Amino acid sequence: MKKTAVVLFLAMTMAFAGCGEKDDASTSNSNSSNTQDNAELEGNGSDTQSEDNSNEDAAQGSGVLADGILNVGTNAEFPPFEFVGDDGEPAGFDIALIEAIAEKLGVDVQVENMEFDSLVASIGSKIDVAIAGMTVTEERKNMVDFSDEYYEAVQYIIVPSDSEIASAADLEGKNIGVQLGTTGDFIVEEIKDASAAQYNKAVDAVNDLRNGRVDAVIIDKNPAQVFGEQFKDEVKLFDGESPEFGFEKEYYAIALPKGDEELAKSINDALAELKADGTFDELVSQYIGN
Ligand code: ARG
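So this is what it looks like as structure tokens:
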């Protein structure tokens, strides 16, 4: 009992005394005086850190949160980040993450399952934010802001087990299945003479690969691994980051209404806390593994 009190007291003293001194990447002590706001990610980047570390006034300020509900758009066709759970509701890593963030902000989450391609345009009207394994891209940044990045990804290539495709050059002139409006879709645009077969659901692209209607599917790593496992006798995977393909790394972030810095700060602070307190890693191992 006494010991606890002493420890607590020490912790408090340190919190006051050390205000603003500690500068670890993942600090979560409360330093509510103005740390400069570098929550906004303007560069491209692998900078996944939020340096802001106050959560005190998270919930109340932002207009979006004033009704106590965070309306979240997703596209639950992207396991393990989002899929339709046994109860018919969206589930997965992203859903658990946004729920944990909302809990920190003291609001409830309402999830809207919609087409991936309409998420960005719906922010600010139908939905407040979108979490959907969404890659930060310059084009999207013209329409929305992004939270701090929370996950690194890259596109994978799924081909039939007996396919001869083994490099980017082999994809030229091919019919390639993608989910409409995704970065995989954008990559196919760049491949010489290739045509994109665009699907609203990634699994339909994979099924058409199994049926021989497309030559390859380009989709993010983790969903590719899920599908690769599900159909392991029929398909094989290539890592797009391999020298044979040379695709660039991508980073997922939560898409936010443009210019709502208060909301961005609240969400980034909550995200930083979840990283610091281990919740984020728990969700990774629960939903994504290793
Ligand atoms: N990371 C890719 C992109 O941003 C694919 C995301 C697809 N997500 C989904 N929930 N269907 O374009």
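564 is the number of the first residue of the sequence shown in the numbering used here; add one for each residue after it. Each residue gets a CB set at the ideal place from its N, CA and C atoms; glycine is no exception. Keep in mind the model is a prediction, meaning the values are calculated, not measured.
Asp657 and Phe644 closer than 7 Å at C-beta: Working through the sequence shown from its first residue, we reach residue 657 at position 94. Working through the sequence shown from its first residue, we reach residue 644 at position 81. Against a cut-off of 7 Å, the Cβ pair of Phe644 and Asp657 comes out as a contact.
Could you tell me which residues DSSP puts in a beta bridge with Thr637? Taking the sequence shown and counting its residues from 1, the one referred to as residue 637 is at position 74. BP columns for Thr637 point to Asn676.
Fully enclosed by the region 698–778, which beta strand (DSSP E) runs are 3 residues long or longer? Complete beta strand (DSSP E) runs here, min 3: 714–716, 718–723, 738–742 and 758–762.
So, is Gln742 buried or exposed, given that buried needs 16 or more other C-beta atoms within 10 angstroms? Against the sequence shown, residue 742 aligns to sequence position 179. With 16 or more other Cβ atoms within 10 Å, it is buried.
Exposed or buried, what is Lys667 when buried is set at 16 or more other beta-carbons lying within 10 Å of its beta-carbon? Here residue 667 corresponds to residue number 104 of the sequence shown, with the count starting at 1. Taking all protein chains in view, the Cβ of Lys667 is crowded by 16 or more other Cβ atoms within 10 Å, so the residue is classified as buried.
Tell me the rounded alpha-carbon separation between Ile661 and Ile694. On the sequence shown, position 98 is the one that residue 661 refers to. On the sequence shown, position 131 is the one that residue 694 refers to. Straight through space, the alpha carbons of Ile694 and Ile661 are spaced by roughly 7 Å.
With Lys821 as the anchor, note down where its beta strand (DSSP E) starts and where it stops. Looking up residue 821 in the sequence shown gives position 258. Per DSSP, Lys821 is not a residue of any beta strand (DSSP E), being assigned neither H nor E.
N- and C-terminal bounds of the alpha helix (DSSP H) containing Val683: Here residue 683 corresponds to residue number 120 of the sequence shown, with the count starting at 1. Segment Leu682 to Ser685, the alpha helix (DSSP H) holding Val683.
Can you give me the C-alpha to C-alpha distance between Glu605 and Gly696, rounded to a whole angstrom? For the purposes of this step, residue 605 is taken as the residue at position 42 of the sequence shown. For the purposes of this step, residue 696 is taken as the residue at position 133 of the sequence shown. Because Glu605 carries a pLDDT of 40, less than 50, the predicted location of this residue cannot be relied on, and the following value inherits that uncertainty. Answer to the nearest angstrom: the Cα atoms are 19 Å apart.
Candidates Val751, Phe709 and Ser848: which alpha carbon is nearest Glu551's? A query on residue 551 cannot be resolved here, the shown segment of the chain reaching from 564 to 853 and no further.
What do you reckon, is the C-beta of Ala695 under 6 Å from a heavy atom of the ligand GTP? This structure does not include the ligand GTP; its bound ligands are the ligand ARG.
Any non-hydrogen atom of the ligand ARG within 6 Å of Asn705 CB: Here residue 705 refers to the residue found at position 142 of the sequence shown. Answer for Asn705: no, Cβ out of range of the ligand ARG.
Classify Ser724: buried if its beta carbon has 16 or more other beta carbons within 10 angstroms, exposed otherwise. By 1-based counting over the sequence shown, the position of residue 724 is 161. It counts as exposed.
Going by the C-beta, is Phe810 closer than 6 Å to any heavy atom of the ligand ARG? Along the sequence shown, one-based indexing puts residue 810 at 247. No.
Which value, in whole angstroms, describes the spacing of the CA atoms of Lys838 and Glu813? Here residue 838 refers to the residue found at position 275 when the sequence shown is read from its first residue. Here residue 813 refers to the residue found at position 250 when the sequence shown is read from its first residue. Approximately 20 Å, taken between the alpha carbons.
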